[in-house]
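Below is one structure, written out as C-alpha cells; comments come after it.
In the numbering used here, the protein residues as written are 39 to 462.
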C-alpha cells in the first residue's frame, strides 16, 4: 500500500507538474551570416571528421546566429589560405575547415580554420586535442562556441554543459545518465533499482543529488560525477526529492512527506538543518528558488487543482501566480521568470496535451512556448535564454530546446527508454 502511495505521489510530481524578455538581437535572415562547414579532403579519421561537421552544423542552427549553407565544393586542404574569389564561395560569409591528425589510437588533433570570405582573411585558427573520441560532441560544441564568440554574438556556452537525466528501463528500474544537449554523447552514472530526480549540486556540475528508492525509505543521495563516490544526505517516509539548489549551493529546496503529506522544506547543507516552508494538508511539491533565493515557487493543489504558487521565505502568506488553466505544474525559474507546464482544456488541443508557458513575477504577461504533445520538466539554461524540457509524443521521449529570444525549438530523440526528469 505504501509503495502504491509513493507511485501516486511520484506520478503527480512527474505529471502534474517572451513576456518581458524582448529579443536581445533582432535580425532579418538576410543579415545573419551564412556559414559552411567543410572537411578537408586530406583529413585523417574521415568518419569522425564528418560526425563533428554534422554536429557543428546543428550547433550553428540551434544558436540562431548563423544560416548553415550546405553544398558541395571543390576539395580544400589548406589551413591558411583559400581562393576567396572562387565562385563556389558566392553567398557564403564564413567557411570553417576541419582537419584531423591522428597522434595515437585514441588521441587526435583537430585543426579548425575559419575563413572570412568578405574580409578575405583567415580570421581564426585553432588546434584542439581530444583523447576520448566518444566525447567528440563536446569538442564540436567548443568549436561552435569559439566561432560564435568571434562574431561577438550572445553566448552559447550552455552548449558545453552536461545534461543529466533519469531514464526508465522497466518496472522499478531506472538509471541516471549524463549527456550533451543533443543526446549524442551519453554515459550512465547510476544504475540498478529505481533512481530518479537527478539535480546538479552546483553550477560547476561536479556532483549531483538524486532520489533512491532502493532502501527501506526513499533516500536523497549526493554523488561525485568523476569519482562516483556517494553519500546519504537525508531519508524520509513517503518521498524525498531535491527540486532546486541555491545559487551558491548552500541550500536545497526539498519535497518531503514524512507524515504522508508532501510539503516544501529548505535544507541547509552546512548545518544539516531542514526548515519546513509549507504546512498545507494536501500536496505541495516541486519548489524552486526565485527572486534571488528570497522566494520559493511551488506546485500545490490547495485550490482543488494543481497550480503555481509562491511563498517568501520567512513569511506566512502564499501567493497564487498563475490564473490561466486548471492544471498547472512543473515550474522552473530564472530570476523573475517562470516556465510551467499546463494541461490544455481548449478544444484546439488534444486532451492529453501539456504545453509550456512563460510568465514573469513582475508583470501579467503570458507566452505559450509549445503546441503539441506532453511537454514537461522545463529547466532554464544558466543564462536564462533557453529552456530544456521533456517531450513525449507518439510514444517517444525527446529532449527539447526552446531558444526564447529566437522563437525556435528543437527536438533530440531518446533512442531507448523513457525520460523521467532532467537537469542541466
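We put the CB at the ideal spot given by N, CA and C, even for glycine.
Please name the residue, chosen from the options, that lies closest to residue i on a Cα-to-Cα basis.
| i | options | result |
| --- | --- | --- |
| residue 198 | 206, 213 and 223 | 223 |
| residue 191 | 454, 140, 243 and 443 | 443 |
| residue 461 | 281, 452 and 308 | 281 |
| residue 251 | 228, 291 and 103 | 228 |
| residue 347 | 354, 180 and 338 | 338 |
| residue 209 | 231, 218 and 193 | 231 |
| residue 175 | 187, 216, 140 and 163 | 216 |
| residue 293 | 325, 360, 119 and 286 | 325 |
| residue 378 | 344, 356 and 331 | 344 |
| residue 361 | 439, 333 and 399 | 399 |
| residue 375 | 173, 356 and 405 | 405 |
| residue 263 | 254, 133, 239 and 108 | 239 |
| residue 382 | 179, 372, 413 and 255 | 413 |
| residue 186 | 359, 204, 439 and 95 | 95 |
| residue 205 | 73, 189 and 225 | 225 |
| residue 353 | 329, 316 and 402 | 316 |
| residue 189 | 311, 69 and 108 | 69 |
| residue 359 | 173, 440, 163 and 403 | 403 |
| residue 426 | 219, 304, 331 and 373 | 219 |
| residue 340 | 332, 356, 309 and 109 | 356 |
| residue 380 | 372, 373, 401 and 409 | 409 |
| residue 287 | 266, 253, 247 and 314 | 247 |
| residue 108 | 273, 86, 308 and 134 | 134 |
| residue 257 | 167, 273 and 114 | 273 |
| residue 323 | 330, 446, 314 and 110 | 314 |
| residue 420 | 285, 447 and 309 | 285 |
| residue 85 | 446, 172 and 266 | 172 |
Do residue i and residue j have their C-beta atoms within less than 7 angstroms of each other?
| i | j | result |
| --- | --- | --- |
| residue 275 | residue 296 | yes |
| residue 306 | residue 289 | yes |
| residue 146 | residue 138 | yes |
| residue 415 | residue 397 | no |
| residue 149 | residue 165 | yes |
| residue 268 | residue 259 | yes |
| residue 278 | residue 249 | yes |
| residue 431 | residue 455 | no |
| residue 194 | residue 181 | no |
| residue 243 | residue 200 | yes |
| residue 71 | residue 131 | yes |
| residue 106 | residue 91 | no |
| residue 221 | residue 437 | yes |
| residue 236 | residue 214 | yes |
| residue 302 | residue 336 | yes |
| residue 350 | residue 418 | no |
| residue 435 | residue 452 | yes |
| residue 151 | residue 117 | yes |
| residue 458 | residue 321 | no |
| residue 144 | residue 169 | yes |
| residue 334 | residue 283 | no |
| residue 93 | residue 178 | yes |
| residue 439 | residue 407 | no |
| residue 372 | residue 422 | yes |
How far does the beta strand (DSSP E) with residue i in it reach, from first residue to last?
| i | result |
| --- | --- |
| residue 368 | 366-372 |
| residue 333 | 333-338 |
| residue 416 | 412-418 |
| residue 393 | 392-398 |
| residue 252 | That residue, residue 252, is in no beta strand (DSSP E); it is neither H nor E in DSSP. |
| residue 377 | 375-381 |
| residue 350 | 345-350 |
Would the C-beta of residue i count as close to the ligand MN, meaning under 6 angstroms from any of its heavy atoms?
| i | result |
| --- | --- |
| residue 181 | Absence of the ligand MN is noted for the structure shown, with no ligands found whatsoever. |
Ordered list of beta strand (DSSP E) runs contained in the stretch 153-233, each at least 3 residues: 159-168, 201-208, 211-217 and 224-228
Does the stretch 392-402 touch the stretch 362-380, meaning 3 or more C-beta pairs lie closer than 8 angstroms? yes
What alpha helix (DSSP H) runs, 4 residues minimum, are completely inside the stretch 256-321? none
Mind pulling the beta strand (DSSP E) runs of 3 or more residues that sit fully within the stretch 429-455? 434-441 and 446-451
Could you give the uninterrupted runs of the alpha helix (DSSP H) lying entirely in the stretch 59-139, keeping only those of 4 residues or more? 84-101
Taking contact to mean 3 or more Cβ pairs, one atom from each stretch, closer than 8 angstroms, check whether the stretch 102-109 and the stretch 78-86 are in contact. no
Sufficient close CB pairs (3 or more, under 8 angstroms) joining the stretch 152-170 to the stretch 116-125: yes
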